[in-house]
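Novice: Each residue of the sequence shown is one higher than the one before, starting from 16 at the first, in my numbering.
Where a beta carbon is used, it is the ideal one built from N, C-alpha and C, also for glycine.
Just so we're clear, the structure is a prediction, and the values are computed from it rather than from any experiment.
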Amino acid sequence: MDVKGKEVFMSFTFCNKHVLAQRLGYSPHTLKAIRQRGDWLEGIHYIRPNGNSRVIRYNLDLCLNWFANQNNPNAHHKEIERYLMSLEGEKRRKSR
Numbered sequence: 016m017d018v019k020g021k022e023v024f025m026s027f028t029f030c031n032k033h034v035l036a037q038r039l040g041y042s043p044h045t046l047k048a049i050r051q052r053g054d055w056l057e058g059i060h061y062i063r064p065n066g067n068s069r070v071i072r073y074n075l076d077l078c079l080n081w082f083a084n085q086n087n088p089n090a091h092h093k094e095i096e097r098y099l100m101s102l103e104g105e106k107r108r109k110s111r
């Protein structure tokens, strides 16, 4: 599902760089810098749908959580764990 630059994936929303930049108050260039310095992990904070190396969708929920918890990494890691568990649950449902 794609609605105004957002895609819903399980209970997490993925969006393009413009939506995330607006929500965080950053420029799209700053988002790229955050990715490149390794603060955000591919497959967790952002994905490249269909293996397209030019298209990036950001996990809106996790990126906002990262921003809110920059001084509390344990809280952010718990949210990452919740996301990964939701992926495992989705795999189990599909394999039935």
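1) Near H92, which residues of its chain fall below 6 Å by C-beta distance, leaving aside the five closest residues on each side in sequence?
2) Classify D17: buried if its beta carbon has 16 or more other beta carbons within 10 angstroms, exposed otherwise.
3) Just to confirm my understanding: we take N80, look at its own chain, exclude 5 residues before and 5 after, and list those with CB closer than 7 Å. What are they?
4) In chain order, which alpha helix (DSSP H) runs of at least 4 residues are fully inside the stretch 56-97?
5) Please list the terminal residues of the continuous alpha helix (DSSP H) segment that includes R50.
Specialist: Looking at the atomic coordinates:
1) For the purposes of this step, residue 92 is identified with residue 77 of the sequence shown, where counting begins at 1. There are no such residues.
2) Walking along the sequence shown from the start, residue 17 turns up at place 2. For D17, the predicted model reports a pLDDT of 47, less than 50, meaning its position is unreliable; a value from the coordinates is still stated below. D17 is exposed by the Cβ-count criterion.
3) Counting from 1 along the sequence shown, the entry for residue 80 is found at position 65. Taken in chain order, the residues that qualify are H91 and E94.
4) Taken in chain order, the unbroken stretches of alpha helix (DSSP H) that lie wholly in the stretch 56-97 and span 4 residues or more are 75-83.
5) Within the sequence shown, numbered from 1, the residue matching residue 50 stands at position 35. Counting along the chain, the alpha helix (DSSP H) containing R50 begins and ends at P43 to Q51.
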